[in-house]
Amino acid sequence: KTKMTVGLDYSLSMLKVAKEKNKKTIFVQGDALNLPFKDNSFDLVTVSLGLRHFDDLEKSLKEIKRVLKPEGKVRILEV
Numbered sequence: 007k008t009k010m011t012v013g014l015d016y017s018l019s020m021l022k023v024a025k026e027k028n029k030k031t032i033f034v035q036g037d038a039l040n041l042p043f044k045d046n047s048f049d050l051v052t053v054s055l056g057l058r059h060f061d062d063l064e065k066s067l068k069e070i071k072r073v074l075k076p077e078g079k080v081r082i083l084e085v
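So the sequence shown is numbered by our numbering: it starts at 7 and just counts up by one.
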């Protein structure tokens with residue numbers, strides 16, 4: 007199977023900047039509380055400098071778990 011990278015952000019302005027910088031990634035506007043993806047969609051979910059912006063951390067982490075495949079991994083970078 008072909009693997010692809012999907013980027014998600016709530017902010018349209020951030021997505022526009024990201025799209026200009028990276029043409030190979032698919033970018034989607036969305037909310038971490040209600041991810042617009044099917045269950046078991048991803049092998050890896052990465053959150054970078056984002057946890058502080060989640061309105062409901064527990065619900066957001068449950069959404070991440072929902073979209074991860076059973077053997078999927080999560081990587082979180084916060085400083």
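Idealized CB from N, CA, C, for every residue including glycine.
Original post:
Would you say VAL73 and PHE33 are within 7 Å of each other, going by their C-beta atoms?
Top reply: Here the question's residue 73 lines up with position 67 in the sequence shown. Here the question's residue 33 lines up with position 27 in the sequence shown. No, the Cβ-Cβ distance between VAL73 and PHE33 is not below 7 Å.
Original post:
When burial is assigned at 16 or more other CB atoms within 10 Å of the CB, is LEU41 buried or exposed?
Top reply: As a first step, residue 41 is located in the sequence shown; it is residue number 35 there, counting from the start. LEU41 is buried by the Cβ-count criterion.
**OP:** For ILE70, collect the residues of the same chain with a Cβ closer than 7 Å to its Cβ; drop the 5 residues on either side in sequence, then sort them by chain order.
**Re:** Position 64 of the sequence shown, counted from the first residue, corresponds to residue 70. Closer than 7 Å at the Cβ level, and outside the excluded window around ILE70, lie VAL51 and VAL80.
Original post:
Span of the beta strand (DSSP E) holding ARG81?
Top reply: Position 75 of the sequence shown, counted from the first residue, corresponds to residue 81. Run containing ARG81: 74-83, per the beta strand (DSSP E) assignment.
Original post:
Taking buried to mean at least 16 other C-beta atoms within 10 Å of its own C-beta, is ASP15 buried or exposed?
Top reply: What you label residue 15 is simply residue 9 of the sequence shown in a count that begins at 1. Per the 10 Å Cβ criterion, buried.
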